[in-house]
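To start, the structure itself, in structure tokens.
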Amino acid sequence: LTPLLLRGLTSPARRLLVPRAQVHSKPPREQLGTMDIAIGLTSCFLCILLPAGW
């Protein structure tokens, strides 16, 4: 009884077509330097750890 009930509940979902997202990857316009990455990581760590009192 249970497999038949589950099959009946999921059969409408099998017919639905889910559209795929049109995601395209492009190279960055400008490369990040070492200093840019260091500043970004430091600010992320400060925003996360400073309010927690670390």
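Heads up: the sequence shown runs through residues 1 to 54, numbered per full-length UniProt numbering. Where a beta carbon is used, it is the ideal one built from N, C-alpha and C, also for glycine.
Residue i (DSSP reduced to helix, strand or coil)
i	result
G8	helix
residue 58	An answer regarding residue 58 cannot be provided, because it is not within the stretch 1 to 54 covered by the chain.
L32	coil
P19	coil
P51	helix
P3	helix
Alpha-carbon spacing of residue i relative to residue j, whole angstroms
i	j	result
A21	G40	29 angstroms
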